[in-house]
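With my numbering applied, the sequence shown has no gaps in its numbers, which climb one by one up to 1041 at the end.
Glycine residues also receive a C-beta, built at the ideal position from the N, C-alpha and C atoms.
Written out below as structure tokens is the structure these notes cover.
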Amino acid sequence: MALLTMIFRKMAKNRWLQLNLWFGLTLCVALFSSMPLYSHAILQRTLFKELQQLQKDQNIYPGLLRAATSVSGGREFGAQLSLIRKADRYMADAPKRMGLDVQAYIVMRATQSFRVLPADATEKEKKEMTVSGSFRAVSDLEKRVKVIDGRLPNPNRTDGVYEAVVTPKFIIDLKRDLGSELVYTNKDTGAQLRIVPVGIVEANAANAYDQFSLEGSSAFYIPFDQFNHDFVENPGPLKLSLLSWQYSLDYSQMNIDRIDTYVSQFNAINNYFNTRIGIGNADMPAKNPIATYTEKKDKLNLMLWSLYSPVMFMLAFYLFMAANLIIDRQKTEISVLRSRGASRLQIMTVFLIESLLLGALALAAGPFLGVFFTKILGASSGFLEFVQRASLDVVLNSTAYKIAAAAIAGSILLILIPALLATRVTIVGHKQRMARLTKLSFWHMIGADVILLVVSVYFLTRFNSQLSNLKALALDPTSIQVDPLIFFMPALFSLGAGLLILRVYPWFVKLVFWIGRKWWTPALYSTLLQISRSSTQYLTIKVFLIMTVATGLFSANAARTINGNMEDRIQYTTGSDIQLSVHWDNDKPPPGPSGAPGQPQEETAAAPKVVTYTEPSFITMTELAGVESAARVFRKDDASFSAGGENGAATLYGIDPYEFGHVAWMRGGLLQYPLNSYLNLLSSNPKAVLVSRSMAKQYGVKAGDTISARWEGLDGADFIVYGIVDYWPGWSPLPVTGDADDPEVRLPNLIVGQLPYIQNHLALEPYEVWIKLKEGAGSKVIYDDLIKKDIPIEKLVDANQLLIRSSNDPFRLAINGVMTLGFVISMLISFFGFLLFWVLTLSGRTLQFGILRAMGISFRQIIGMLLSEQALTSAAAILFGVVIGNTVSSLFVPLFQLSFSATDQVPPFEIVRRLSDYAQLYGVVGLMLAIGLAVLGIRISRMKITQALKLGEE
């Protein structure tokens, strides 16, 4: 009890230091716990969105689970019935095994198909009618069909006649009305089945999740219980042919932690029905999307670790610094205890209990702060940029607490290191060390700066060698794949460069001091002397500031570059806000069956018929709601050309230059001149065309040359080359396969001409409509108007929707969110570390200030001395951080090209730097320093310097 009392008194005495230590531990817990929370939350959201998109794109309910099997013959009836009953029980428990709620459940049975004839069939009908059908039964038939004529069948009829409902198509095939008797006659036994259609039905889902459809229109649907009694439970006149069980499960309950369960259960169902009753299979549309999430989770966790690693390092540094400062204030007490017989174990026990108390408090609060961090990650759309996005559904789980507990354990070990080192020092040794502050720091003694720089430069060289083989990667326009080391190496380089500069910096200060030693004022003389002799004392705070600024600059440039290149890629590929194709009426004959027998050879070899199209109204497209401008863009990918006696293939664009200039998106710097300058060239002559650089190089085409262009089935038209372009909206100059620099690889060619000339001299064929939306107009506005005006759309590409889908990619969210969160945490750590360091430093120098005041130094001069000290430490560290941050950005940001496919990266990769990011970063750092200096100013103003020189002060 006495030990606990001493511990609480000691903690109360150093409450502000303990509070800072607790703050660091809480941040550590929050940071570590946010990793599994974010990984789970973002993948959960992405899974749900992906399943929703599956339903939109393929019109398939993602929660569908269907098992079906044929029924093989050759078994005894009892064995077959036993297998069917076991299958029913097995499928009845399927939702429970998967842990998902049932929204709809359909059981379907069917007999073998048989030929039916009307009871009153004529001899001619008996010979010519080949209508076949089967008995089918569906659970809860009355809820799943809508009677459009007649009534539902009566299962209690006793005259041996089966009443059934049929589809409209089947009743037409039967060529009889409702109530007409149909007969099936068994060829072997002569036994007959009599069937009377009593109703015509169409599918009518029992609820919004019911996936029932009248599959197989040639069927007689009878009540489920009647079917079971006559064909399943008892040997019937017809053999069973098909059994099916179909669930609609609540896919919103799918949890990524149970992905393995879903996949294994689906595989188990598939294996269960494989040849057990017959030939069986299972179907679950969600299987393919969810099967990739285990790998996605592993990759995301690896990326989160790499993204968090610089912040973790700074947190560890902060905890070590705070613990060291606490121990420094208690070293005299520790050495006294040691001199009076206290063992190192007893002293370490005291510090262990202190750390465990702080760790328990941090573990209680940290995970909830981690939830807040996770929501910040989900709302980030760029570096220090946030959007109004639906918040992540974050739930604390056991994994988060396990990782948080491991983080606390590691932090406590880190905190105890200074205490363990302090227990080795006697009272005499402590006084000796206090007098030797000029020795090198531990980091400089072991050469950490050189080691870190060598390691980071090695990886930089390795990445640059990979950059030359960039073509081996292949990614789609909305995906991203980043080597985690790309994020970790810049932090190592920043730390190594910072330590190297700080190794040299004290010598620079000594040089400045020596040069002006005869002219410095007393205040500045004291400051320069203090900094040059006590460089180790300021090392920690300077490293903090350097790392904060350097990693902040790198994060800003990296996030901006990744986001900018991905967005440019989507916008360039689309060419405008919306790209759509409308149906054109035409006289194109329907496609005939391939390999039709008896087809004359001459017809096969005949030239293709030129299809005549009817152009829909373009004015209608310009008048759509939300449209600012619209342009007609004709693209023919399989066009051919003739230039200088050589023939080649090209993509032919036909545009109206004025319209195109109002809708097209083009990144600056891709063309030698602005896009509008090229459009003006086109406008000057109807025959004018622009050709690609690849065409100019391969075929020697230059401005002023005449070329001919055509496509299959047409005569060529002559054009005059007016300009050469490297890029064009929507067109990729890169080959589909191979290296663009390989002379053996044929590059794509482009010809851009005027649409009216192409239509008049070649042919009128369907073109695309490129649309630019009004400022603030959303995609939904134009979608609704397209539906309202009943415009038949064949294809639609929406750049805004692609951008949204890309921005919701979990890996991109992780990069944006963690970089923002890491910078914010770094700023908080630096702010509290700044205050902690300077408050303790100034408190420890109260006697020095008192002596200076007694020597005649004014209070204003002391303030000036402190300001110059800040300029030579904090301001200098920020300046070093800016230099290192820009250097790191120049060296490492280009490596993000490794994240994009060289064969797909159009427009080319570009490093994006924005002045606003720098202003924002410097503003945040400046605000932190201003608040810190204000707090220090208040602290200094309240210091009783005049009372420092009292008897016994030493």
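Does the beta carbon of Met401 come closer than 9 Å to any beta carbon on chain D? Going by chain labels, chain D is absent from the structure shown, which holds only one protein chain.
From Ala693 to Glu799, what distance separates their C-alpha atoms? Residue placement at Ala693 cannot be trusted, given a pLDDT of 46 that sits under 50; what the coordinates show is reported in the next sentence. Their Cα atoms are separated by approximately 13 Å.
First through last residue of the beta strand (DSSP E) which encompasses Ile413: Where Ile413 is concerned, there is no enclosing beta strand (DSSP E), although the alpha helix (DSSP H) it sits in stretches over Tyr380 to Ser426.
Considering only residues of the segment 326-352, which uninterrupted alpha helix (DSSP H) runs meet the minimum length of 4 residues and lie entirely inside it, listed in chain order? none
Do you know how far the Cα of Tyr125 is from the Cα of Gly904? 10 Å
Measuring alpha carbon to alpha carbon, tell me which of Asn361, Tyr338 and Thr348 ends up nearest Pro372. Tyr338
Span of the beta strand (DSSP E) around Gln984: From DSSP, Gln984 is part of no beta strand (DSSP E); its letter is neither H nor E.
Assuming Ala128 and Leu479 form a contact by the criterion Cβ under 8 Å, report the distance between their Cβ atoms to the nearest whole angstrom. 4 Å
Would Met914 and Leu444 qualify as a contact pair, given that the criterion is a beta-carbon distance under 9 Å? no
Shortest alpha-carbon distance to Leu758 belongs to which of Asp813, Ala449, Gly791 and Ile880? Asp813
Contact between the segment 848-856 and the segment 626-646 (3+ Cβ pairs under 8 Å): no
Candidates Met93, Arg647, Met782 and Ile533, of which the one nearest Ile810 by Cα: With the sequence shown as reference, residue 810 is identified as Gly, and Ile is not the correct amino acid for it. Nearest C-alpha to Gly810: Met782.
From Lys143 to Pro376, what does the alpha carbon distance come to, in whole angstroms? 14 Å
So who's on the other strand from Gly237, going by DSSP bridges? Gly286
Given a cut-off of 9 Å on the beta-carbon distance, is the pair Ile366 and Ala174 in contact? no
Given a threshold of 16 other Cβ atoms within 10 Å of its Cβ, counted over all protein chains shown, does Trp103 qualify as buried or as exposed? exposed
So, under 8 Å CB-CB, Ile618 and Glu956 are touching, yes? Tell me the CB distance rounded to an integer number of Å. 7 Å
Would you be able to state if there are at least three C-beta pairs under 8 Å between the segment 744-762 and the segment 860-867? no
Once the 5 residues before and after Val232 are set aside, which same chain residues still bring their CB inside 6 Å of it? Val288 and Asn291
With a cut-off of 8 Å, do at least 3 Cβ pairs link the segment 885-898 to the segment 660-679? yes
In the structure shown, what three-state DSSP assignment does Leu777 receive? strand
In the structure shown, what three-state DSSP assignment does Arg263 receive? coil
Going by alpha carbons, who is nearest to Ile327 out of Pro310, Phe222 and Ala251? Residue identity check: residue 327 is Leu in the sequence provided, not Ile. The residue with the shortest Cα to Cα distance from Leu327 is Phe222.
Residues sharing a beta bridge with Ala726, DSSP: Ala737
Could you pull out every residue in the same chain whose Cβ sits closer than 6 Å to the Cβ of Ile965, ignoring the five residues on either side in sequence? Leu632 and Val636
Leu860 and Gly713 look like a contact to me (Cβ under 8 Å); what is the Cβ gap, rounded to whole Å? 5 Å
In the structure shown, what three-state DSSP assignment does Glu862 receive? coil
What is the rounded straight-line gap between the Cα of Pro182 and the Cα of Ile193? 13 Å
Beta carbon of Gly220, beta carbon of Ser305: below 9 Å? yes
Rounding to the nearest angstrom, what Cα-Cα distance links Val926 and Leu1023 in this structure? 7 Å
Quick check: what's the CA-CA separation for Leu769 versus Gln841? 7 Å
Measuring CB atoms only, is the segment 773-793 touching the segment 726-746, in the sense that at least three cross pairs come out at less than 8 Å? yes
Expected contact under 8 Å - CB spacing of Val975 and Pro577 to nearest Å: 5 Å
Between which two residues does the beta strand (DSSP E) carrying Ile880 extend? Ile880 to Asp885
So what's Met185 in DSSP terms, helix, strand or just coil? helix
Note down, in chain order, each residue of its chain lying with its Cβ closer than 6 Å to the Cβ of Gly111, except the 5 sequence neighbours on either side. Tyr405, Leu406 and Ala409
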